[in-house]
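Data block below; observations after.
Residue numbers (the numbering used here), protein chains in the order written: chain L, 22 to 294; chain U, 159 to 271.
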């Protein structure tokens, strides 16, 4: 039972971290609770569908369907996170100010919510489909299935608790700084996802250039350990990154930075709007 | 809307960078099977500096996730089905892999020489 709990927990914390950060990043934006709930629900439903069609997805594109699917899911999430950060660069300050003054939610636009709702959905979809397959495997194997299944469900609960911990931990940051902190977190999150995405493209046989390992820090921090896994999701820590992964990582950060600068600049020109 | 257009253009630019270098891979087919949550063979020898395609056949009714951090592979293989894993080119060495859903028994390694 404990083994199942740990396996499921390990899968869930990745999505949990992302959901926690997204919740903190949308603090004070009206309607975000509903959007996150829709994201989680749609992601869970999608995870079940992906799990059912796992065989077909795997066989698609000469056996590279699963890798391409993962690369696309991660790629879309990266674009959504960029969109969100650009939007936040423009409106974040006003929202932070209002939270400070009124202490309650403000009714800012709903645009970043759509982007982050999609990110939440995709995170749940990707990690969730593995959890669904794992739990299905337990049920299918029968006999000692029930205790393992309970362990798996407890693993999901522990993951949800971890999400809450991330969220309230981030809320402890003073409202003046919270959006700059979450913008950084989202930028690093996106960079890590982009690096993962190009590795999936490599595994699919699509992007095989620059696959040499740049460094190996497995002796320092194993990606298999819980801290390693958390950092993997949080900042894209990879113990043996390839050249292409490094380029994707740095490139994403650069693009994100430029987009945020452009977004921040505009409202000052049209100060009246 | 202008923003989303900007992000789309960026995504397209990124995609074009990423998708340009298409390289054909070698067709060295190696087969591994999973039975009762164990890999057979559990040790695979492959040549160095070459792209290798491994066909993993899962004979169990339960799904398995073929995972290796050193090979940078994570691939779910549903029950009673096959999955293709592409690795390399690799430097000589010992590259362990596991079945993540049954890590106690599902262990193996790729030996590159």
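Even glycine gets a Cβ: it sits at the ideal position worked out from N, Cα and C.
Item	Value
Taking only runs of the alpha helix (DSSP H) that begin and end inside the stretch 190 to 256 of chain L, which ones reach a length of at least 4 residues, in chain order?	196 to 224, 247 to 256
Drop a sphere of 10 angstroms on the beta-carbon of residue 223 (chain L), count the other beta-carbons inside from all chains shown, and report buried for 16 or more, exposed for fewer.	buried
Please compile the residues from chain U whose C-beta is within a distance smaller than 8 Å of the C-beta of residue 9 (chain L).	No statement about residue 9 (chain L) is possible, as the shown extent of chain L runs from 22 to 294 and does not include it.
Grouping DSSP H, G and I as helix and E and B as strand, with all else coil, what is residue 195 (chain U)?	coil
Please compile the residues from chain L whose C-beta is within a distance smaller than 8 Å of the C-beta of residue 226 (chain U).	Within chain L, no residue comes near residue 226 (chain U); the closest Cβ sits about 10 Å away, beyond 8 Å.
Counting only Cβ pairs nearer than 7 Å, list the residues of chain L close to residue 190 (chain U).	Those do not exist, as residue 190 (chain U) stays about 14 Å from chain L at its closest Cβ, beyond 7 Å.
Comparing the C-beta of residue 112 (chain L) with each C-beta of chain U, is any distance below 9 Å?	no
Work out the CA separation of residue 137 (chain L) and residue 285 (chain L) for me, nearest whole Å.	19 Å
Indicate whether the contact test is met: 3 or more Cβ pairs, each with one atom in the stretch 36 to 50 of chain L and one in the stretch 248 to 258 of chain L, closer than 8 Å.	yes
Using beta-carbon positions only, say whether residue 210 (chain U) and residue 154 (chain L) come within less than 9 Å of one another.	no
Taking 6 Å as the limit between beta carbons, can you name the residues of its chain near residue 168 (chain L), skipping five residues before and five after?	22
Please compile the residues from chain U whose C-beta is within a distance smaller than 7 Å of the C-beta of residue 251 (chain L).	Those within 7 Å of residue 251 (chain L) in chain U number zero; the least Cβ separation is about 15 Å.
Would you mind working out which of U:218, U:243, U:226, U:227 sits nearest residue 237 (chain U), comparing C-alpha positions?	U:218
Given a threshold of 16 other Cβ atoms within 10 Å of its Cβ, counted over all protein chains shown, does residue 94 (chain L) qualify as buried or as exposed?	buried
Do the stretch 206 to 215 of chain L and the stretch 99 to 117 of chain L meet, that is, are 3 or more Cβ pairs less than 8 Å apart?	yes
Starting from residue 255 (chain U), trace the alpha helix (DSSP H) both ways and give me its first and last residue.	Counting along the chain, residue 255 (chain U) falls outside any alpha helix (DSSP H), though it belongs to the beta strand (DSSP E) covering 251 to 257.
Less than 9 Å between the beta carbons of residue 177 (chain L) and residue 279 (chain L), yes or no?	no
Buried or exposed, going by whether 16 or more other CB atoms sit within 10 Å of the CB of residue 204 (chain U)?	buried
Taking only the alpha-carbon atoms, compute the straight-line gap between residue 180 (chain U) and residue 267 (chain L) and give it to the nearest angstrom.	A caution first: residue 180 (chain U) carries a pLDDT of 40, below 50, which makes its placement in the model unreliable, though a value can still be read off. Whole-angstrom Cα-Cα distance: 19 Å.
Do the stretch 196 to 209 of chain L and the stretch 50 to 67 of chain L meet, that is, are 3 or more Cβ pairs less than 8 Å apart?	no
Would you give the residue range spanned by the alpha helix (DSSP H) that residue 71 (chain L) belongs to?	53 to 73
Checking contacts by CB at 9 Å: is residue 75 (chain L) closer than that to chain U?	yes
Please classify residue 187 (chain L): does DSSP put it in a helix, a strand, or coil?	helix
Measuring straight from C-alpha to C-alpha, what distance separates residue 144 (chain L) and residue 152 (chain L)?	12 Å
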